[in-house]
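*Asks:* Going letter by letter, the sequence shown gives residues 1 to 750 in the working numbering. Have a look at the structure that comes next, please.
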Amino acid sequence: MFCLRQVCLFTLRHYQARTLSSDLLLSQINSCTNEDEVFSLVGRNKARLSEKHVGIALNVLWQLQKKRPLLLRTSDYIRNHSQFLTLCILAENKVEHMEDEAIVDTLYSILRLNVEDHDSLAEVLVTEAWKRLERLSLPALSKFALCLHKQRRHFSPIIGQVAHIVDMKLDSIQDIRILSVLMISISDVISQSFRDRLLNKAEQLLEEEDEVHFNYAKRILQFLQNVKLRYHPLVEKCNRIFLKSASRLDIHSISLIFGLYEQLGFDNAEFRLVAKQLLSETIDDYYDPEMFAKLFFTLGPMAGSNIRESFLKSSVIPADTAAIIRVLAMLPSFQVEEIIINKAAAVLPQCRLHQLNCIATALVKWNHYDQLYWQNSSELCVKLLQKLNDCGFQRLQKANNLNLLLEEITHVNGQWFEEVLSEETMAMCQRLIDQITWANVLQLSFLLMKTNHRCPSLLDRIASVTVENIDKIHPFEIYFILFLFSALNYDPPASEEFFESCIQHLTSNLSSFETHHLVLLGHVLAVAGYFPPVLIKRIFNVSFLSKLDAQLEVLPDTLKQRVRSRLMKLNRAVCLECPEFHIPWFHERYCQRVFHYSSSRINPLRQHVHRMLTEILGGSHYARISVLTPYYYEIDFECVLDENKKPLSYMAQNIPLDDVEGIHLRHDIKGEGKKALPSGAQRIALEFLDSKAFSKDSRHLKGEPAVKKRHLEMLGYRVVQIPHFEWNSMVLSTKGEQLEYLRRHLYGIQ
């Protein structure tokens, strides 16, 4: 008995000591005043850390960062610290033991520390929170929805379930903070009736609550913007809150609110006066040039001369000057003063590429619209543009770090980049080719897509790095890499190994993709000539297509149209290239609607070529213009030659002809494609290809026109493609040369 008592006392003392020690450790973590203190505690107590310690430690790291100004935060340092990795591993191993609120708080903290969306800890936390969705409190549900929104899971099934729970509990929500965060997070997946109920609830809470922080009113405006609804009664209520909180608004908030007002078609003179007052008071003390420029643009005539003078006498820091010029270039009929051009000239040598791009775009616009009014302004503008080009070349030539170059070039777009820097950028990337790694292949792929360059050495390197590091690259990133090769119609060395490795990785991780993403993926692979059975069978399934229909209802119009178009093209490709799947063609009515509303394409070039074909073949009844084939491919011209290469008349085949000079007519093609031609006869499709069909500075056909040629041949056509660089060349400068060129291609004469 004595021994048993001793054992019990020892156990009790050990338990009490452990509890005391554990509580002390928790207190120590909460008392940390900097990140290194947290990491030091973690390093000394790895074996004693419970799931509660781990969650609190990650939360404290975010709270410490949150107290710092944005520019002084050190998220990179935290994420790369060895003890942060320890915390993440421990959290991942202990996630099932965490409390509901702790799971959401931990997910929120690591996302605020800019951990990648597809990080394994983030994915485990999302999965675990999803399991407990029904029992999350409303504040936790609100925070979880915010996390999903930050991860860009706008259309995921989880968001749909969150929306359903909010719908069920809407009447019990009495806190505008909770409502405003759900409203933002679920705005992409709600029905019209649910949207109206949310708006009514928001109006009710705004009326009932005495003190509403302006941040929550901003979120309500963002919700209205997301659902593209100009509901002014609710905007008016939010505006009253902003006016009541005027003393607490900063320049960033006012700029954001003005932007939302503009998109919602709302204007308020009282709020403009508040903005003008704040702008006048703070322009000398606090300087964010782009923000001030936007407000200057919004205030218009209300912006006083003192504000204007402050603009012109502002800092000459390159980023500031470029930001001002970029926004001033947006002003309609803005009279450009010489001081702005002189300031631009002064900072050019210190500008980064995207700043040079902003200045170049503005200069070209101002010069084009004659907004440079002083003497010799055009000459000064030309000299400045030349200096700007030289600065761009010099900055590129000094680049020795591919990651920094890719980061800088990401924000450079438009005519100046394409015409001046595109070639040099490709040359520099090739010089830095040894720096291509699995971590930057995606950014490099984006650059090649943006520039439309078919650069074999870079593409080959991307392919080899991807295959070697396939398990390190997220499936969604693999999709974009494949998109590059598919769009450019490029097969790298060991092409089969590259595509098969990517496909294997993708098909093993299909759950990483949203429903509509799988359609886009299927289309990309089909263009490249690959049809993975597991993916094709998953897409062409009644259950999948029903989910897709539901998702399409909430997608933005542009994305919705793209997904529908890609599904049609994938359906067509599977029917033509993989009949063994027995997938029916179910896009007949969709295609009829699309072509019914499309505009005429009977342009002067087509009319000119049709007249020449008439001359070559011996009559207008031997050639058709703008023809729809089975499966709804449109071709420029069609004719039929018999076995002796003599043209066959469409009138003899009872096929109506287009009125060449009239509206673009389209034919009922249901039975036409099945009509057998006379023995030995050949149906010819004549296609004119503009520059969009080729990669930049290349005569290599891109993916989509290559697929079209492949499919037309499967439909029984001999396809004659006329590239723009041949038709517009000096060799074909006369009508006679053009006739001879067409004759050779039609009759297959070498």
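For glycine and all other residues, C-beta sits at the position ideal for the given N, C-alpha and C. None of the values given here were measured: they were computed from a predicted structure.
Short of 6 angstroms in beta carbon distance, which residues of its chain neighbour TYR631, apart from the five on each side in sequence? Order them along the chain.
*Replies:* Against the sequence shown, residue 631 aligns to sequence position 631. Cβ within range, chain order: ARG572.
*Asks:* Quick check on GLU687: does DSSP put it in helix, strand or coil?
*Replies:* For the purposes of this step, residue 687 is identified with residue 687 of the sequence shown, where counting begins at 1. Looking at GLU687 - three-state DSSP - the assignment turns out to be strand.
*Asks:* Could you compute how far the alpha carbon of SER733 sits from the alpha carbon of PRO584?
*Replies:* Translated into the one-based positions of the sequence shown, residue 733 becomes position 733. Translated into the one-based positions of the sequence shown, residue 584 becomes position 584. Distance between the alpha carbons of SER733 and PRO584 is about 47 angstroms.
*Asks:* Can you check whether the CB of LEU448 is closer than 7 angstroms to the CB of LEU402?
*Replies:* Here residue 402 refers to the residue found at position 402 when the sequence shown is read from its first residue. Here residue 448 refers to the residue found at position 448 when the sequence shown is read from its first residue. No, the pair does not count as a contact, with Cβ atoms beyond the cut-off.
*Asks:* Is the CB-CB distance between SER422 and PRO475 below 7 angstroms?
*Replies:* If you number the sequence shown from 1, residue 422 lands on position 422. If you number the sequence shown from 1, residue 475 lands on position 475. Cβ distance not < 7 angstroms, so SER422 and PRO475 don't count as in contact.
*Asks:* For a quick check, are the C-beta atoms of ARG624 and GLN682 less than 7 angstroms apart?
*Replies:* Stepping through the sequence shown from its first residue, residue 624 is reached at position 624. Stepping through the sequence shown from its first residue, residue 682 is reached at position 682. It is not a contact, given that the beta carbons lie outside the stated cut-off.
*Asks:* Under 7 angstroms between the Cβ atoms of ILE481 and SER445?
*Replies:* Here the question's residue 481 lines up with position 481 in the sequence shown. Here the question's residue 445 lines up with position 445 in the sequence shown. Their beta carbons are under 7 angstroms apart, which means ILE481 touches SER445 by this criterion.
*Asks:* Between ILE29 and the rest of its own chain, which residues show a CB-CB distance below 7 angstroms, the 5 nearest in sequence each way excluded?
*Replies:* Start at 1 with the first residue of the sequence shown, and residue 29 comes out as number 29. The answer, listed in chain order, is VAL38, LEU41, HIS53, ILE56, ALA57 and VAL60.
*Asks:* What are the start and end residues of each continuous alpha helix (DSSP H) run of 4 or more residues lying completely inside the segment 96-177, in chain order?
*Replies:* Entirely contained in the segment 96-177, the alpha helix (DSSP H) runs reaching 4 residues are, in chain order, 100-112, 120-131, 138-150 and 157-169.
*Asks:* Assign LEU535 to buried or exposed, taking buried as 16 or more other Cβ atoms, counted over all protein chains shown, within 10 Å of its Cβ.
*Replies:* Looking up residue 535 in the sequence shown gives position 535. Flag for LEU535 reads buried.
*Asks:* What three-state label does DSSP hand VAL412 in the structure shown?
*Replies:* For the purposes of this step, residue 412 is taken as residue 412 along the sequence shown, with counting starting at 1. Looking at VAL412 - three-state DSSP - the assignment turns out to be coil, as it is neither helix nor strand.
*Asks:* Closer than 8 angstroms is the cut-off here; do at least three beta carbon pairs connect the segment 197-207 with the segment 245-255?
*Replies:* Flag = no, the segment 197-207 and the segment 245-255 do not touch.
*Asks:* In its own chain, which residues sit with a C-beta less than 6 angstroms from the C-beta of TRP366, not counting the 5 before and 5 after it?
*Replies:* Walking along the sequence shown from the start, residue 366 turns up at place 366. Only VAL336 and LEU372 meet the Cβ criterion.
*Asks:* Do you know whose CA, among SER185, ARG606, LYS343 and GLN607, lies nearest THR321's CA?
*Replies:* Taking the sequence shown and counting its residues from 1, one reaches residue 321 at position 321. The residue with the shortest Cα to Cα distance from THR321 is LYS343.
*Asks:* Identify the residues that DSSP records as bridge partners of PHE637: which are they?
*Replies:* Within the sequence shown, numbered from 1, the residue matching residue 637 stands at position 637. Paired residue(s): ILE625 and LEU686.
*Asks:* Given this structure, state the Cα-to-Cα distance separating SER729 from VAL640, to the nearest angstrom.
*Replies:* Taking the sequence shown and counting its residues from 1, the one referred to as residue 729 is at position 729. Taking the sequence shown and counting its residues from 1, the one referred to as residue 640 is at position 640. Looking at the two C-alpha atoms, the distance is approximately 28 angstroms.
*Asks:* Alpha carbon to alpha carbon, how far is LEU26 from LYS218?
*Replies:* Position 26 of the sequence shown holds residue 26. Position 218 of the sequence shown holds residue 218. So the alpha carbons of these two residues sit roughly 36 angstroms apart.
*Asks:* Are the Cβ atoms of ILE220 and CYS238 separated by less than 7 angstroms?
*Replies:* Mapped onto the sequence shown, residue 220 falls at position 220. Mapped onto the sequence shown, residue 238 falls at position 238. In contact: ILE220 and CYS238 (Cβ atoms closer than 7 angstroms).
*Asks:* Can the beta-carbon of LEU510 be found less than 7 angstroms from the beta-carbon of ARG566?
*Replies:* Within the sequence shown, residue 510 is the residue found at index 510, counting from 1. Within the sequence shown, residue 566 is the residue found at index 566, counting from 1. No, they are not a contact pair.
*Asks:* Between the Cα of VAL524 and the Cα atoms of GLU704, ALA47 and TRP438, which residue gives the shortest distance?
*Replies:* Residue numbering aside, residue 524 sits at position 524 when the sequence shown is read from its first letter. The option with the nearest alpha carbon to VAL524 is GLU704.
*Asks:* Quick check on the burial criterion: 16 or more other C-beta atoms within 10 angstroms. Buried or exposed for TYR77?
*Replies:* In the sequence shown, residue 77 corresponds to position 77, counting from 1. It is exposed - the Cβ of TYR77 has fewer than 16 other Cβ atoms within 10 Å.
*Asks:* What are the residues that DSSP puts in a beta bridge with VAL719?
*Replies:* Taking the first residue of the sequence shown as position 1, residue 719 is located at position 719. According to DSSP, which records beta bridges pairwise, VAL719 is partnered with ALA685.
*Asks:* For chain B, is any of its Cβ atoms less than 7 angstroms away from the one on LEU686?
*Replies:* In summary, chain B is missing from the structure at hand, where a single protein chain is found.
*Asks:* Just mark ARG272 as buried or exposed, buried being the case when its beta carbon has 16 or more other beta carbons within 10 Å.
*Replies:* The residue given as residue 272 occupies position 272 in the sequence shown. The residue is buried, with at least 16 neighbouring Cβ atoms inside 10 Å.
*Asks:* Let's test the definition: count the other Cβ atoms within 10 Å of the Cβ of GLU379 and tell me whether it reaches 16, buried, or not, exposed.
*Replies:* As a working mapping, residue 379 is identified with position 379 in the sequence shown. Looking at its Cβ environment, which holds fewer than 16 other Cβ atoms inside 10 Å, GLU379 is exposed.
*Asks:* Quick one: measure Cβ to Cβ for ILE635 and ALA685, integer angstroms, because I've assumed they're closer than 8 angstroms.
*Replies:* To locate residue 635, count along the sequence shown from 1; it is residue 635. To locate residue 685, count along the sequence shown from 1; it is residue 685. Indeed they touch by this definition, with Cβ atoms about 4 angstroms apart.
*Asks:* Do you know offhand how far LYS755's Cα is from LEU111's?
*Replies:* Summary: the structure shown does not reach residue 755, with the chain confined to residues 1 through 750, and so no result is reported for it.
*Asks:* So for PRO796, helix, strand or coil by DSSP?
*Replies:* The structure shown has nothing for residue 796, since the chain only spans 1 to 750.
*Asks:* For VAL166 and ALA102, I'd like the C-alpha separation in whole angstroms.
*Replies:* Looking up residue 166 in the sequence shown gives position 166. Looking up residue 102 in the sequence shown gives position 102. Using only the alpha carbons, I get a separation of about 21 angstroms.
*Asks:* Three or more C-beta pairs under 8 angstroms: does that hold for the segment 175-195 against the segment 139-146?
*Replies:* Short answer: they touch.
*Asks:* Which of the three DSSP states is assigned to LEU701 in this structure?
*Replies:* One-based indexing of the sequence shown puts residue 701 at position 701. In this structure, LEU701 counts as strand in the three-state DSSP scheme.
*Asks:* Could you check if MET168 is buried or exposed, using at least 16 other CB atoms within 10 Å of its CB as the buried criterion?
*Replies:* As a first step, residue 168 is located in the sequence shown; it is residue number 168 there, counting from the start. Exposed, because fewer than 16 other Cβ atoms sit within 10 Å of the Cβ of MET168.
*Asks:* Quick one: what does DSSP say PHE694 is sitting in, helix, strand or coil?
*Replies:* The residue labelled residue 694 in the question sits at position 694 within the sequence shown. Residue state, collapsed to three classes: strand.
*Asks:* Can you give, in chain order, each stretch of the alpha helix (DSSP H) that sits fully within the segment 476-540 and has at least 4 residues?
*Replies:* Counting only runs of 4 or more, we get 495-507, 515-528 and 533-539.
*Asks:* Once you ignore the five residues that flank GLY680 on each side, which residues in its own chain have a CB closer than 7 angstroms to its CB?
*Replies:* What you label residue 680 is simply residue 680 of the sequence shown in a count that begins at 1. Result list for GLY680: ASP642 and GLU643, in chain order.
*Asks:* Using the beta-carbon count (16 or more within 10 Å), is GLY748 buried or exposed?
*Replies:* Locating residue 748 in the sequence shown gives position 748, where the first residue counts as 1. Burial call: exposed.
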